[in-house]
Structure formats: C-alpha cells, structure tokens
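Chains as they are written, first to last, in the UniProt record's numbering: chain A, 1 to 257; chain B, 1 to 302.
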C-alpha cells in the first residue's frame, strides 16, 4: 500500500506581491505524491514547473493552501529547514557544486545535508574509500578526480557530482530540474541512465522536470503536465506506459488552442 | 642599524599580519570586501589602551579588543543579512559609526597613550629580548596560535559550511547551511581578529589614535595579495601562512620606499600603488604571454 509522502493542497503562489507587477504563478494547484513515485513533469516555458519546485523547496512562500509532508504542514518552514527531507539538482552545472572546493569536500558537505554543523573535525580521509566507490559508479572518471576542485571539472562531471550529492544522504523527495539539459546528448543520456538506476536502486521519490518527451515517457511511473499554474494532465502506471509521443503532441496542441 | 630596521620590519609584519588573516576570512573566503575593518582596527586599539589605562591586565585588555571587534562584525553582519544593506555600504556605516564610538572610548580625545603602563610587550617573558625582538616574539607567538586555530576551524564541519557559503551560496542553502548565520559568524570572527590586530599594534606603538584605521584595509589586502602573487597556487592552509609572509614582505617594501628618501606621509600613496600593481599582475601576465605569442607568430619554424 503506497501512502502519500507529500501533498500540495490548493496551493497559490504569487510573486511581486502588492505591486503592479504582481503575478500568480501557481493557481490552486493540487498534487499528491506517493512514496516511491518517480514523476516526470512536462510543461511549456512559464507554465509554473520551476515555481512548483521553488514552492516545494521553500524558495517561494505560498499565499494560500497548504503543503504537507506525511500529513504535517511544512508550509512555514524555511528553505534550509526543508533540506532535512529534500534535495535538488539544478539545471546549471555551476549551481550545484562549490567550485573552489574539491570533489571529496563537496561530497562531504552533502553527507550532512539538513544537519547542524559543529566545530568537530570533518574526518575527510575516513570517507575517501566510500566516495571513491560511489563516484566510480558514475563511469565518467569522477573517481580519479576526488581531490580536484570542482571548478575544473567538465559540465557532465559536475552534474553527475551534483546528482550524487543530492542522493548521498537519502532524501524523502528528490527534485531534478532539467538536470541533463545543459549537457551534450551523449553525456546527457549517460547521466539520465545513471539517474534512473540510482532512483530505482534506492527507491527514491523523485520529481523530474524535462523538455525531452522521450525521457518523460521512458522514465518514471507517472507523468504530469503543468500549464498556466495548474496540473492539467496526470497519468500513472499502465496508462503512462501506453502513452505515446503522438498522444502527448496532440495533447499539447489542444492546450495551445 | 640596518639589521635593526630589518628586525623591526619583521616584527611589524608579524603584528600587522593579524589584519591580513582577519580580512582573509571575508575577502577571500566569503568573497566580499568588508570596510568595517577601518573602524574595528582603531576600536580594538582604543579599547585596549583605555582598558590598560584603567588598570586592566594587558591580556584581558587584548581580549576586550577582540570582543569589541566581534561586536562591530555582528553589527555589519546584521545590517547586511537581516537588513539587506549591500555589504560595502553596511561596512561603511559601521566604520563611520565606529569613529564616534572610538572618540567616546578615548574620552573625547583623538589620541590616547600608554606611557609607562604595562603592555603585552612588557610581559616578563619578553624582558630580556634585544631591541625590536620583543615585537617579533609577540607577533610570532600570536600568529602561530592564530594560524593554527584558523586551520583547525576551517577543517571542521562548521568551517567547511563557512567556506561553502562563500563559494556557492545557493548550493550551501540547498544543503541546509544557514548562509546568513555563516556570514554573520565570518564577519564576527574576522573583525574580532582585526580588533586583536588593533590592540597589538597600539601596544607596540604605545598609543591609540582615532585616525589609525584610515587605509588599513589596503594594508590587509596587500598582505593577502602579495602573498598570493609571491607564492602562486597553494592549498588553503598554505594560503593562510602566505598571508603572514606577504605582510612581512610588504613591510620590507615600505622600508625600501623610506630608504629611497620618501617620508612617512607618502606611505599611504605607496601602499595603494603597491596593492594596485599586485592586483594587476594577472593583466600584466596576459600582456607578456601575448607578446610571446606574437613573437612565436613571426618566428620561422625551420
């Protein structure tokens, strides 16, 4: 029996409140995410995909409605506090890693996600073997560069590292915001495969924004479409497996009419 | 005579290196220029000298200077993070306010001397050291302790979170690091160290002056940047040591300038010129590389 891990109830998110530029980005959005869901998210630019992530992660506060984690409201929790249960990977490879710190140092930071950090020695060397093993699983030479500052890694290696950092300490919710979009097609596919393997192996609950219809269809057990601040399409299980690109295309063209 | 001046330059370099180390935490790690130091440095000096004049033990007086420095850092940190005032302006606000506070600390006088009062340099352990060596011994002791403390701190979980905040704030927040607190902490520690620097320099010079803060940010930056230019690519721990060596080198540059016949009034001009030249080293390096490329372009390849 799957149970809801995260629920968004009648969520309204506005930006530039009380100014002439006020915009309502999420308009009474409802979404129930079950434990183990791997949801791919489609939607045109400006539909509210990133706003949804920023609302879940706490970068944006909601104007009405509620966000529940296992039945408890987290709507008033800060961004830092929500990292106890949530991690994310950004689209821009520069955003996910600290450029002047080494690969191992970045990984070590991620082992303490959402925890208090004290004046205790970090014990980097004790983690090296574990980090070596973990990075070699990505198959892109990251394991050879544990003591390299991340600023001198390739974009693909950086995104692979960001992804590892996000899943190193198992999150209740993983948010992937087009994390392969800035990479070349081959690297992008490699990272997508590694992502899928790790999500399945760890049984992670994940939301993934993508612009690739193939990826949206191929991965995950559920697919949602966001348009104009609402969820306009939501399929899962059998129904999702039978979905084709043509059907999705026709759905999108219906939307635009 | 020249030997004495050399020793004195090393002593000065070691005492002033505290400023470089303090500013390193904000300028290089948090990656912003903190102008507060121009108010914190004289405040550390004033608080220390005033405390000693009131009969307080020099060790306690020096700790008081660290404390007032940390308060200045706290003020700037709150204005910057909670008040959302740009860091440069927040620092200037606190620095300006500190000027009035410093005059209060010194009972309205712009200058307060130690005269025959005790100081850290007159502690019994330095009693038999030759001329100028007292400041070398004191500076060396303080710098060794301070550098070791900073090395330890930066290798802790908290220190790593602090470094990450300066390196990539968005990432730091997404890992649950409270970046505002890290910035406030960094400003407090940095200004505490600079308050210490003020206390040491005042005890060495024998007085505190309300204007002694003018241009100290340039001196602190010079130690950091001369160290970087002279020693190149280094690890974090080596960089901390390079700051002290940079500070000593800088004192020798000033010594040479004075030997060339310029007077002490010209020193601030030279400080700025030296710092500007050091900061432009990458530009010069590119220009020279370009020349080599041109040369290679016109040379024959036979």
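Where a beta carbon is used, it is the ideal one built from N, C-alpha and C, also for glycine. Computed from a prediction, not measured in an experiment: that's the story for all the values here.
- For residue 173 of chain A, the enclosing beta strand (DSSP E) stretches over residues 173-177.
- A Cβ of chain B is located within less than 9 Å of the beta carbon of residue 118 of chain A.
- It is roughly 35 Å from the alpha-carbon of residue 131 of chain B to the alpha-carbon of residue 234 of chain B.
- In the structure shown, residue 127 of chain B falls within a coil segment according to DSSP collapsed to helix, strand and coil.
- For residue 108 of chain A, the CB contacts under 7 Å within the same chain, skipping 5 residues up- and downstream, are 122, 124 and 127 in chain order.
- Under the three-state reduction of DSSP, residue 173 of chain B is assigned to helix.
- Here DSSP, grouped into helix, strand and coil, assigns residue 34 of chain B to coil.
- Among the CB atoms of chain B, one or more fall inside 9 Å of the CB of residue 57 of chain A.
- Taking C-beta separations shorter than 7 Å and ignoring five residues to either side along the sequence, the partners of residue 22 of chain A in its chain run 14 and 16, following chain order.
- Around the beta carbon of residue 208 of chain A, 16 or more other beta carbons sit within 10 angstroms, so the residue counts as buried.
- Cα atoms of residue 134 of chain B and residue 11 of chain B: separation of roughly 8 Å, rounded to the nearest angstrom.
- For the segment 57-84 of chain A, the set of positions with a beta-carbon nearer than 9 Å to some beta-carbon of chain B reads 57, 59, 78, 79, 80, 81, 82, 83 and 84 in chain order.
- Scanning its chain for C-beta atoms nearer than 6 Å, with the 5 sequence neighbours on each side dropped, one finds around residue 92 of chain B the residues 35, in chain order.
- From the beta-carbon of residue 251 of chain B, no residue of chain A is found nearer than 9 Å; the closest lies around 29 Å away.
- For residue 201 of chain B, the enclosing alpha helix (DSSP H) covers residues 179-205.
- Closest in alpha carbon position to residue 181 of chain A, among A:82, A:28, A:158 and A:200, is A:158.
- Proximity of the segment 132-140 of chain A to the segment 188-208 of chain B falls short of the contact definition, fewer than three beta-carbon pairs being nearer than 8 Å.
- Annotation: residue 220 of chain B to residue 198 of chain B spans about 12 Å, alpha carbon to alpha carbon.
- Using a Cβ-Cβ cut-off of 7 Å, residue 101 of chain A is close to 163, 164 and 167 of chain B, given in chain order.
- Annotation: residue 17 of chain A has no Cβ neighbours in chain B at a cutoff of 7 Å; minimum Cβ distance is about 17 Å.
- Only residues of its own chain outside the window of five on either side were considered, and among them 242 have a CB closer than 7 Å to the CB of residue 228 of chain B, listed in chain order.
- In the three-state scheme derived from DSSP, where H, G and I count as helix and E and B as strand, residue 18 of chain A is classed as coil.
- Nearest C-alpha to residue 214 of chain B among B:42, B:20, B:262 and B:18: B:42.
- Listed in chain order, the positions of the segment 223-240 of chain B with a beta carbon within less than 8 Å of a beta carbon of chain A would be empty, since no residue qualifies.
- Interface criterion met: the Cβ of residue 115 of chain A is under 9 Å from a Cβ in chain B.
- For residue 52 of chain A and residue 4 of chain A, the gap between their C-alpha atoms comes out near 18 Å.
- Residue-level contact check: residue 172 of chain B touches chain A, since one or more beta carbons of chain A fall below 9 Å from its beta carbon.
- According to the DSSP assignment, residue 231 of chain B belongs to the alpha helix (DSSP H) that extends over 216-231.
- In the three-state reduction of the DSSP assignment, residue 250 of chain B falls in the helix class.
- At least one CB atom of chain A sits nearer than 9 Å to the CB of residue 177 of chain B.
- Here residue 126 of chain B really is in contact with residue 138 of chain B; their C-beta atoms are around 7 Å apart, less than 8 Å.
- Residue 112 of chain A sits in coil when the DSSP states are folded into three classes, being neither helix nor strand.
- Looking at the backbone, the Cα of residue 113 of chain A and that of residue 49 of chain B are separated by about 45 Å.
- Residue 32 of chain B and residue 87 of chain B have their C-alpha atoms spaced approximately 7 Å apart.
- For the C-beta of residue 156 of chain B, the chain A residues within less than 9 Å are, from N- to C-terminus, 117, 118, 119, 120, 121 and 122.
- Secondary structure note for residue 125 of chain A: it is in no alpha helix (DSSP H), with a DSSP letter that is neither H nor E.
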